[in-house]
Structure formats: C-alpha cells, structure tokens
Amino acid sequence: MTPPETDEDKGHGHMTDTAAERPAGSPTGYRINFPKSWWHFDLDPSTRDASIRRRVEKVAAGRDDIDREQLDSLVRELRRTTREAHARGALQAAGMLAFLTDGSTLTATTVVLRTEIPEGEPTDLDRLMVSAGVHNNRDSVGRGTGANTVEIMEVPELGSVGRMTAVEDVDYAGRATVRTGMHHVVVPVPGSRTLLIISSSTPNITMLDQFFEVFDAIAGTFRFRDGAGPEGVDFENGK
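Read left to right, the sequence shown gives residues 1385 to 1623 (our numbering).
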C-alpha cells in the first residue's frame, strides 16, 4: 500500500452551506489526497451502481481465478458502502480494491462526513473524545486491545484533531456481521460548531496495523481551503 500522492488523485471537498450561513473567518472547504491505487466513489444515485460495477470488473480483468459470485459480492458490498455514505450526507468517499495471488481481496474505504455540534453542547475537543472513548471501550469488540485507541494529535496547519481506532462487528444489511477495523479522525472547523470526520475502515483485520498507517497518512494530507484564488471551490455544489 502506497502513501498518498501529492499531485494526482487529489480530492476537493465542499461544505454545502452558503457564505451567508458560515461564520466569519471559517474555512470554506478542504483538500485531501489518496494513494494512486484508490479511486473516488461516485455517490450520485443515478450513476453509482454502474460506476462501481465497471471499477470492480476493471480491477479483476485478466484474473480467471476470480469467479462471478465473488465479483458480484464485492459489487454489492461497495454499493452498500456508497449508499450509506450518500444517506449520511458524505462530502466525499474513496476506496481501494486489490486481488491477491490466492484470490483473496484487500479492501478499504474512507468517507469524509460533516456533523454539527448542537447549540448548548460543549465544543471542547478533549471532552468530545473522552465521550467517544467511553463508548469505544464499552461497546467495541476490540476493547482492551491495542486496536482500540482514543487520542488527541497535533497536525501541521490544522492544530489539534481527535483520532479513534476500534475493531467492530459491522452488520451487513442484516445478512451477516463482518469484523472490521475502524479509524476516525475528527477535525474541528475553526470558527464554527462543525466537525469533519475522516472515517476509514477495512475488513482485512490481519493487516490492521498496515491499513491504520495508510489511514493516518491519508488523514495527514487533510488541509482546509478557501474559495478565493485560482484553486477556489464552489460550496454550492457540495462536491
């Protein structure tokens, strides 16, 4: 797995509120980079299913050892992921898929979500992460292990961000649960009550440390952007 690129496969995120609704001085967008082997998910309900099918077929091209049932299962899983991301109002989603020589797969996804801290509730990042840590240590199947962590980190140009990792049994549409590594980075938007959450996951538990390193590298490329200038963004579009 390669570290994020600096010139290619770059994502531009757009928060969907208008300039009149944003507090003065609040950033107007963000930028995040993904490895070359990753692709940006199409979240448009009218085109995403066909887009995912094309991508999976492309990755599997030339692999006669991969049967149709396996491909169809991967397509269903990725479609579920994009449907859920869209339903949660994701600003952006990306992922990777690779077939190993034994026919097994490596898969991972990253979704950028936006949430607002309700009026009257504290915005202090330390308190927010303590609350998340209580849930993490109580409910996660990885509680008590090194896979479950909650911490505050300092990121260049961003300042303090929250980081939480866990192992959870994820329910796949009521059909089965899959043990999944979860990695969340919580980025407060300066001058607002907004949090951006860079939420990553992988079912490849045996490679959890390696994937968490990749997720850290992806989150480490996150930077706020303003709409002014030649690389300005249009927040009205939301993508």
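Every residue, glycine too, gets a C-beta built ideally from N, C-alpha and C.
- If you check the CB distance, R1607 and Y1414 come in under 8 Å.
- In this structure M1537 does not touch T1549 by the C-beta definition: roughly 12 Å separates them, more than the 8 Å allowed.
- If you check the CB distance, G1487 and W1422 do not come in under 8 Å.
- Counting C-beta atoms within 10 angstroms of its own C-beta, H1568 has 16 or more neighbours from the protein chains shown and is therefore classed as buried.
- Counting along the chain, S1585 sits inside no alpha helix (DSSP H); it lies in the beta strand (DSSP E) bounded by residues T1578 to T1586.
- For V1534, the number of other beta carbons within 10 angstroms of its own is at least 16, and it is reported as buried.
- Rounded to whole angstroms, R1609 and F1425 show a C-alpha spacing of 21 Å.
- For W1423, DSSP records a beta bridge to G1479.
- When secondary structure is reduced to three states using DSSP, L1497 falls in the strand class.
- A direct Cα-to-Cα measurement between R1464 and T1489 gives close to 17 Å.
- As a beta-bridge residue in DSSP terms, A1492 pairs with M1480.
- Contact check for V1495 and A1474: beta-carbon distance about 5 Å, within the 8 Å limit, so the pair qualifies.
- Per DSSP, F1596 is one residue of the alpha helix (DSSP H) stretching across L1592 to G1604.
- Looking at the backbone, the Cα of F1483 and that of I1416 are separated by about 26 Å.
- Contact check for A1492 against S1435 fails: the beta carbons are separated by 8 Å or more.
- Between the alpha carbons of L1592 and G1530 lies a gap of roughly 11 Å.
- For T1466, the enclosing alpha helix (DSSP H) stretches over residues R1452 to A1471.
- According to the DSSP assignment, I1416 belongs to the beta strand (DSSP E) that extends over G1413 to N1417.
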